[in-house]
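Read in order, the letters of the sequence shown are residues 2 to 441 in this note's numbering. Beta carbons are placed, not taken as given, at the ideal position from N, Cα and C, and that holds for glycine.
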Amino acid sequence: MNQLDIKVTVNSANSLQFQYKGNTLSFRRMDGIEKFRRSTFSCDLSLDLCNIIGLISTIERLIPRREIYKIHISLPILSLERWQDSEIIDELKIMISQFTINDYIFDFYSFVKSSAKMRDQIVMELGDEAEVSLWSGGLDSLSGFLNRYLENPNKEYVLVGFGFQRCAFGKQRNLHEKINKLFPNAKIERYRVFHDIAGAPKKYPNPSFRMRGLLFLVEGLYASKLFCSDTLYLHENGIGAFNIPFPGSGHWDRSLTASPAILSIVSKFYSKLIGSERRIINPFLFFTKGEMCEVFILNILKFSNILELSSSCDSNHRQKDKPGQCGYCSSCLLRRQGILSTGLEDTTRYSYPHFNDVKRMKHFTQFTNQAELWKGFLLVGVDQIYQQDPIIYESKKYMMKELNISGEEFDQKFSKLIQSQICEWDRFVRFIGNSQTQIA
Numbered sequence: 002m003n004q005l006d007i008k009v010t011v012n013s014a015n016s017l018q019f020q021y022k023g024n025t026l027s028f029r030r031m032d033g034i035e036k037f038r039r040s041t042f043s044c045d046l047s048l049d050l051c052n053i054i055g056l057i058s059t060i061e062r063l064i065p066r067r068e069i070y071k072i073h074i075s076l077p078i079l080s081l082e083r084w085q086d087s088e089i090i091d092e093l094k095i096m097i098s099q100f101t102i103n104d105y106i107f108d109f110y111s112f113v114k115s116s117a118k119m120r121d122q123i124v125m126e127l128g129d130e131a132e133v134s135l136w137s138g139g140l141d142s143l144s145g146f147l148n149r150y151l152e153n154p155n156k157e158y159v160l161v162g163f164g165f166q167r168c169a170f171g172k173q174r175n176l177h178e179k180i181n182k183l184f185p186n187a188k189i190e191r192y193r194v195f196h197d198i199a200g201a202p203k204k205y206p207n208p209s210f211r212m213r214g215l216l217f218l219v220e221g222l223y224a225s226k227l228f229c230s231d232t233l234y235l236h237e238n239g240i241g242a243f244n245i246p247f248p249g250s251g252h253w254d255r256s257l258t259a260s261p262a263i264l265s266i267v268s269k270f271y272s273k274l275i276g277s278e279r280r281i282i283n284p285f286l287f288f289t290k291g292e293m294c295e296v297f298i299l300n301i302l303k304f305s306n307i308l309e310l311s312s313s314c315d316s317n318h319r320q321k322d323k324p325g326q327c328g329y330c331s332s333c334l335l336r337r338q339g340i341l342s343t344g345l346e347d348t349t350r351y352s353y354p355h356f357n358d359v360k361r362m363k364h365f366t367q368f369t370n371q372a373e374l375w376k377g378f379l380l381v382g383v384d385q386i387y388q389q390d391p392i393i394y395e396s397k398k399y400m401m402k403e404l405n406i407s408g409e410e411f412d413q414k415f416s417k418l419i420q421s422q423i424c425e426w427d428r429f430v431r432f433i434g435n436s437q438t439q440i441a
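See below:
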């Protein structure tokens with residue numbers, strides 16, 4: 002096993018600096034309502050956790066994919082006493098192990114606060130009933146929030162945006178501004194967390210940023226604590242949340258950020274760390290993307306351009322003369338499937354709306370093969386899918402134990418989710434087939 006020692010040489014409440022292969026790298030976080038300002042809430046433990054996971058997220062980008070490392074981290078933190086608890090460290094490692102194959106060893110020591118101005122301004126005061134949700138600028142994030150808002154328009158909401166690139170905040174800001182124009186009486190604030198990595202190579206050795214999902218969750222939990230909410234909402238369709246792997250794909254090729262079992266592990270650890278119960282809830286776990294997108298059928302949304310302002314693409318195809326969304330990656334395909342199922346016209350500009358080569362057929366073919374596989378599984382019961390993917394079965398056990406859902410109820414809801422996904426996908430396949438025929 003490869004060995005790696007990381008010692009943080011400079012640390013402030015929001016900045017970490019360390020040496021890696023002779024280069025100086027830094028991880029810096031900035032947060033606040035619209036402006037990069039800190040709040041006056043005392044959340045040292047939460048800030049420690051964000052810095053720990055932020056540092057690990059940076060390291061994971063630098064390590065070549067599929068190489069296994071034992072990594073020793075020496076890090077100054079704000080609340081040393083709590084982090085000296087062996088149970089906390091053990092559970093921290095368990096949580097991290099859900100997102101990486103690397104083994105982390107920690108050496109924490111006390112951080113000396115250099116200035117009383119480390120916390121400077123209160124940025125906002127909200128009522129006790131504010132609903133805090135993650136805000137990515139994606140279609141699920143948008144449709145999920147709109148569904149929640151329209152159910153209770155008198156509630157106060159906080160949208161927690163997160164990113165490593167400022168362009169992501171531009172998309173999140175544009176969507177927020179559009180919502181405020183459509184619903185001028187809404188009480189919605191946008192809280193953003195910007196992560197900056199300086200000194201890193203332009204192209205990372207590890208393009209799979211799985212740890213970023215954990216960082217997103219702990220930053221969201223930190224924000225929910227700032228705004229005195231015991232619940233963080235994550236809006237993700239069921240197919241994306243369970244993220245059933247394609248046949249033959251590897252475990253570490255999939256994101257598990259929204260898996261119910263993972264959300265339970267993360268929220269339980271955070272609750273134990275701060276000594277107060279916190280939850281992460283996905284209200285749309287058994288919804289397809291199309292079912293979430295039905296909210297756009299409402300006239301006030303149908304005749305706006307808000308849907309096309311959202312972004313879904315996870316491809317690396319980016320070209321200056323092409324639209325930002327490729328149209329053929331798995332995220333774009335689910336987006337197109339979801340919009341089509343509502344009967345609305347998809348006005349999103351895609352770089353490659355048609356599949357004219359093997360590369361751009363890859364995910365389309367995988368989804369089609371998976372749908373055919375599921376059809377066979379459903380004939381004999383969803384247990385076949387659980388056998389294919391034990392992580393879903395772990396989510397079932399979690400929901401039975403902690404949410405008081407019977408096994409039969411879970412099976413029924415999961416079966417309906419899969420059946421609905423198959424129907425939506427079959428419709429999309431016919432649409433693509435007709436489009437390709439017309440082009441030919």
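In angstroms with no decimal places, state the Cα-to-Cα distance between F411 and V113.
50 Å
Grab the span of the alpha helix (DSSP H) containing F19 for me, first residue to last.
It is not in any alpha helix (DSSP H) - F19 instead sits in the beta strand (DSSP E) that spans 16-21.
Those residues which DSSP pairs with G164 across a bridge:
F195
Classification of M2 by the beta-carbon crowding that lies within 10 angstroms, buried from 16 upward:
exposed
Can you list, in chain order, the residues of its chain whose CB lies under 7 Å from that of D390, leaving out five sequence neighbours each side?
I245, P246
If you run the structure through DSSP and keep just helix, strand and coil, what is I106?
strand
In its own chain, which residues sit with a C-beta less than 8 Å from the C-beta of L299, not counting the 5 before and 5 after it?
L151
Determine, using beta-carbon pairs with one atom in the stretch 350-357 and one in the stretch 324-333, whether at least three such pairs fall under 8 Å.
yes
Nearest-angstrom Cα separation, counted from N24 out to A201
8 Å
DSSP three-state label for L5, please.
strand
Compare the beta carbon distance of F429 and L341 with 7 Å and say whether it is the shorter of the two.
yes
Per DSSP, Q326 is paired with what?
Y351
When the Cα of S305 is compared with those of D91, E403, E346, which residue comes out closest?
E346
Can you tell me whether G408 is buried or exposed? The criterion is at least 16 other CB atoms within 10 Å of its CB, across all chains shown.
exposed
Taking only three categories from DSSP, how would you classify S305?
coil
N148 versus M293, T366, S416, residue with shortest Cα-Cα distance
M293
Helix or strand or just coil, what does DSSP make of F432?
helix
Does DSSP classify P79 as helix, strand or coil?
Note on identity: in this sequence residue 79 is Leu, with Pro being the wrong assignment. Coil, per DSSP.
My assumption, with CB atoms under 8 Å, is that G382 sits in contact with Q338. Please give the rounded CB distance.
Not quite, the Cβ-Cβ distance comes to about 25 Å (not below 8 Å), so this is no contact.
Neighbourhood of Y158 by C-beta, 6 Å cutoff - its chain only, sequence neighbours within 5 removed
E132, I189
V9 burial status per 10 Å Cβ neighbour count (16 or more: buried)
buried
Run through DSSP, which three-state label would H236 get?
coil
Backbone CA spacing between P77 and Y110 [nearest angstrom]
5 Å
Assign N52 to one of two classes, buried (16 or more other C-beta atoms within 10 Å of its C-beta) or exposed (fewer than that).
buried
Beta-carbon within less than 6 Å of K1's beta-carbon, same chain only, minus the 5 sequence neighbours each way: which residues are those?
Absent from the structure is residue 1, since the part of the chain shown begins at 2 and ends at 441.
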